[in-house]
Amino acid sequence: MNAAYVPSDYLPVFIQLILALGFIVTTMIVTHMVGPKRNSQKKDDPFECGIPVVGDARTPISIKYFLIAILFVLFDVEVIFMYPWAVNFKQLGVTGFLEMILFMGLLLSGFYYVIRKGVLKWE
Amino acid sequence: MDLTVLITKAIIILVIFGITLLIATYSTYAERKVAGFLQDRLGPNRAGPWGLLQPIADAGKMFFKEDFIPAQASKWLFILGPCLAMLTALMSSAVIPFGDSIRFGQYEIPVQGIEINIGMLYIFGVVSLGVYGIMVGGWASNNKFSLLGAIRAASQNISYEIALGMSIIAILMMTGSLSVRAIVEQQAEVGFFGWGVFTQPLGFVIFLVCAFAECNRTPFDLPECETELVGGYHTEYSSMKLGFYLFAEYINMFVSSAVIASLYFGGYHYPFAAQAHEALTNALGANTGHNVATAIGTVLFFGKIFFFIFFFMWVRWTLPRFRYDQLMNLGWKSLIPLSILNVIVTGAGLLFNFNYATWAIVAVMVVLAVMSAAKAPKGAVAMQKA
Numbered sequence: 700m701n702a703a704y705v706p707s708d709y710l711p712v713f714i715q716l717i718l719a720l721g722f723i724v725t726t727m728i729v730t731h732m733v734g735p736k737r738n739s740q741k742k743d744d745p746f747e748c749g750i751p752v753v754g755d756a757r758t759p760i761s762i763k764y765f766l767i768a769i770l771f772v773l774f775d776v777e778v779i780f781m782y783p784w785a786v787n788f789k790q791l792g793v794t795g796f797l798e799m800i801l802f803m804g805l806l807l808s809g810f811y812y813v814i815r816k817g818v819l820k821w822e
Numbered sequence: 002m003d004l005t006v007l008i009t010k011a012i013i014i015l016v017i018f019g020i021t022l023l024i025a026t027y028s029t030y031a032e033r034k035v036a037g038f039l040q041d042r043l044g045p046n047r048a049g050p051w052g053l054l055q056p057i058a059d060a061g062k063m064f065f066k067e068d069f070i071p072a073q074a075s076k077w078l079f080i081l082g083p084c085l086a087m088l089t090a091l092m093s094s095a096v097i098p099f100g101d102s103i104r105f106g107q108y109e110i111p112v113q114g115i116e117i118n119i120g121m122l123y124i125f126g127v128v129s130l131g132v133y134g135i136m137v138g139g140w141a142s143n144n145k146f147s148l149l150g151a152i153r154a155a156s157q158n159i160s161y162e163i164a165l166g167m168s169i170i171a172i173l174m175m176t177g178s179l180s181v182r183a184i185v186e187q188q189a190e191v192g193f194f195g196w197g198v199f200t201q202p203l204g205f206v207i208f209l210v211c212a213f214a215e216c217n218r219t220p221f222d223l224p225e226c227e228t229e230l231v232g233g234y235h236t237e238y239s240s241m242k243l244g245f246y247l248f249a250e251y252i253n254m255f256v257s258s259a260v261i262a263s264l265y266f267g268g269y270h271y272p273f274a275a276q277a278h279e280a281l282t283n284a285l286g287a288n289t290g291h292n293v294a295t296a297i298g299t300v301l302f303f304g305k306i307f308f309f310i311f312f313f314m315w316v317r318w319t320l321p322r323f324r325y326d327q328l329m330n331l332g333w334k335s336l337i338p339l340s341i342l343n344v345i346v347t348g349a350g351l352l353f354n355f356n357y358a359t360w361a362i363v364a365v366m367v368v369l370a371v372m373s374a375a376k377a378p379k380g381a382v383a384m385q386k387a
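Shown next as structure tokens:
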């Protein structure tokens, strides 16, 4: 295990990134080149089990999904806040623990409100 | 960084990269064999001995299929979708320690792509990017089935990500480091009963369930459930673009198995590892003995990974799919409160220097389950059993 970390420790990330990008780009180009190409008007339609297509998929979708997304942002930020706290947990001791319980209590009361409002109720 | 070290790192990354692709390829074969076994049939057995060349034949077929882009689709986003899914899947294996270290000359190089002190955060970040691949691809297809699949995938992944992050926090509190290697080494210090699964039983279960959901595996495969949505988010895809989506799923499965193995099952550590290391260095000399001990650890680590990959498949061919409201209720109303409780109890236990505090929650949960089963009317229990 390293005692001290320096920015150059991150260099291998770029090696991996270049490798992954190279693999993906090559595969994409090859697969575009080798396959056959036959187009027709019917074939280019979106696949909907053979039923004639009505409109397209750029339609409004249920508000529930947006609510889930907004809740996710709230709670995920909370989780990210907890990472540094968790790493330093042993140094922070009882005070840090109580403070985090207070923080989580506030968030959980919000969570309770969300559940009581029926945001997470799926019909 | 020393150039020799960097070159060795590059070689290690290349090897890990190759192994990842190989395992992902053969996971497709293994999945079909496991499915065949569980459903009392043979599975692929035509291409090569025992059908071993089947994945290569499949990959070849994928390349020679027509690379089809629907007329109404957003062309560039349509191409970008599978590339993003594949890129995030390939990047996530970087920080996993596959073994202790290799010694040659004065160098000591860890068997790991990148040893950084934000390992867990890196995995968490890259995995959460994975949802973009599915979302972009599904939306760009301009197909109603794809759109529904993509939205389902997005909301499912983000819902389970919260509980996933929370269950990791309990581990981080115990180790005080984000480096995956440090987490493995702390488990190794305590020995067999220091493994995460013994100190964090509830966290392990939560993490496992969330890993299933993040990989879109059955019972959480609502984004691509063929009975409702044709093919889900990849309905319109063909050729290697479809191949990328399927491949990304198997790579994700491999990476999450590796993360589960290193967080909760001691990584490359095994019982009596220290004694074995000492015996080997005495018998073979400091460098060779150390390298052999590393090799044993790496092989056992892969054994653990393969077990979890098998577990993923076992569950897939055993359990039926969730309904959407069941999925959301499990994620938001069960796993998130449970993981918060897990964090609090772990913290309280750590303040009193007791590492096994979370067993209290498990005990309470088991008691509650038994009580509710005993209180339920006889007919209900019989129906659940049947």
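Top to bottom, those sequences are chains A and B.
All residue numbers for the first sequence refer to our numbering, where the first residue is 700 and numbers rise by one.
All residue numbers for the second sequence refer to our numbering, where the first residue is 2 and numbers rise by one.
Cβ coordinates follow ideal geometry from the N, Cα and C atoms, glycine included.
Please read all numbers here as calculations on a predicted model, not as lab measurements.
Three-way DSSP call (helix, strand, coil) for residue 178 of chain B in this model: For the purposes of this step, residue 178 of chain B is taken as residue 177 along the second sequence, with counting starting at 1. Reduced to three states, the DSSP call for residue 178 of chain B is coil.
Residues of the stretch 229–263 of chain B with a CB closer than 9 angstroms to any CB of chain A: list them in chain order, please. 231, 232, 236, 237, 239, 240, 241, 242, 244 and 245
Can you list the residues of chain B that residue 759 of chain A reaches, using a CB-CB cut of under 9 angstroms? The count along the first sequence starts at 1 and reaches residue 759 of chain A at position 60. The contacting residues do not exist; residue 759 of chain A stays about 11 angstroms from chain B at best.
Over the uninterrupted beta strand (DSSP E) stretch that includes residue 109 of chain B, give me the two end residues. As a first step, residue 109 of chain B must be located in the second sequence, where it is residue number 108. Start and end: 108–113.
To the nearest angstrom, report how far apart residue 108 of chain B and residue 6 of chain B are at their CA atoms. Translated into the one-based positions of the second sequence, residue 108 of chain B becomes position 107. Translated into the one-based positions of the second sequence, residue 6 of chain B becomes position 5. Computed Cα separation, rounded: 8 angstroms.
Chain A contact residues for residue 341 of chain B, given Cβ-Cβ distances below 8 angstroms: Taking the first residue of the second sequence as 1, we reach residue 341 of chain B at position 340. Those within 8 angstroms of residue 341 of chain B in chain A are 803 and 807.
For residue 178 of chain B and residue 187 of chain B, I'd like the C-alpha separation in whole angstroms. Taking the first residue of the second sequence as 1, we reach residue 178 of chain B at position 177. Taking the first residue of the second sequence as 1, we reach residue 187 of chain B at position 186. Roughly 10 angstroms separates the two Cα atoms.
Between residue 211 of chain B and chain A, is there a C-beta pair that is closer than 8 angstroms? In the second sequence, counting from the first residue as 1, residue 211 of chain B sits at position 210. Output row for residue 211 of chain B: interface = no.
Check distances from the C-beta atoms of the stretch 113–130 of chain B to those of chain A and list, in chain order, the residues that come in under 7 angstroms. 114, 115, 116, 117, 118 and 122
Can you pull the chain A residues whose beta carbon is under 8 angstroms from the beta carbon of residue 160 of chain B, in chain order? Position 159 of the second sequence, counting from 1, holds the residue named residue 160 of chain B. Ordered by position in chain A, the residues that pass the 8 angstroms Cβ test against residue 160 of chain B are 767 and 771.
Between the alpha carbons of residue 221 of chain B and residue 151 of chain B, how many angstroms are there, rounded? Against the second sequence, residue 221 of chain B aligns to sequence position 220. Against the second sequence, residue 151 of chain B aligns to sequence position 150. Near 14 angstroms, if we compare the C-alpha coordinates of residue 151 of chain B and residue 221 of chain B.
Identify the contact partners of residue 178 of chain B in chain A, using a Cβ-Cβ distance below 8 angstroms as the criterion. The count along the second sequence starts at 1 and reaches residue 178 of chain B at position 177. Correct list: 786.
With a threshold of 8 angstroms, are at least 3 pairs of Cβ atoms found where one atom belongs to the stretch 299–311 of chain B and the other to the stretch 126–135 of chain B? no
Am I right that residue 184 of chain B and residue 172 of chain B are in contact with their C-beta atoms under 8 angstroms? What's the rounded C-beta distance? Along the second sequence, one-based indexing puts residue 184 of chain B at 183. Along the second sequence, one-based indexing puts residue 172 of chain B at 171. Going by Cβ atoms, the distance from residue 184 of chain B to residue 172 of chain B rounds to 6 angstroms, so yes, they are a contact pair.
Write down the C-beta distance between residue 161 of chain B and residue 223 of chain B rounded to the nearest angstrom, noting that I regard them as a contact closer than 8 angstroms. Residue numbering aside, residue 161 of chain B sits at position 160 when the second sequence is read from its first letter. Residue numbering aside, residue 223 of chain B sits at position 222 when the second sequence is read from its first letter. With 8 angstroms as the limit, residue 161 of chain B and residue 223 of chain B do not qualify as a contact, their Cβ atoms being about 12 angstroms apart.
Which residue comes first and which comes last in the beta strand (DSSP E) that contains residue 103 of chain B? Indexing the second sequence from 1 puts residue 103 of chain B at position 102. Per DSSP, residue 103 of chain B belongs to the beta strand (DSSP E) from 98–105.
Output the distance between the C-alpha atoms of residue 9 of chain B and residue 128 of chain B, rounded to the nearest integer angstrom. Position 8 of the second sequence, counted from the first residue, corresponds to residue 9 of chain B. Position 127 of the second sequence, counted from the first residue, corresponds to residue 128 of chain B. Spanning the two alpha carbons is a distance of roughly 26 angstroms.
Determine, using beta carbons only, whether residue 4 of chain B comes closer than 8 angstroms to chain A. The count along the second sequence starts at 1 and reaches residue 4 of chain B at position 3. Residue 4 of chain B does not count as touching chain A.
Of all the options B:98, B:175, B:145 and B:314, which has the alpha carbon lying nearest to the alpha carbon of residue 745 of chain A? In the first sequence, counting from the first residue as 1, residue 745 of chain A sits at position 46. Ranking the options by Cα distance to residue 745 of chain A, first place goes to B:145.
Cut-off 8 angstroms between Cβ atoms - residues of its own chain near residue 53 of chain B, not counting five sequence neighbours on either side: Stepping through the second sequence from its first residue, residue 53 of chain B is reached at position 52. Here the set comprises 30.
With contact counted as at least three CB pairs below 8 angstroms, one residue from each stretch, are the stretch 280–288 of chain B and the stretch 49–63 of chain B in contact? no
Measuring CB atoms only, is the stretch 271–283 of chain B touching the stretch 316–334 of chain B, in the sense that at least three cross pairs come out at less than 8 angstroms? no
For residue 759 of chain A, three-class secondary structure by DSSP: Locating residue 759 of chain A in the first sequence gives position 60, counting from the first residue. Correct three-state label for residue 759 of chain A: coil.
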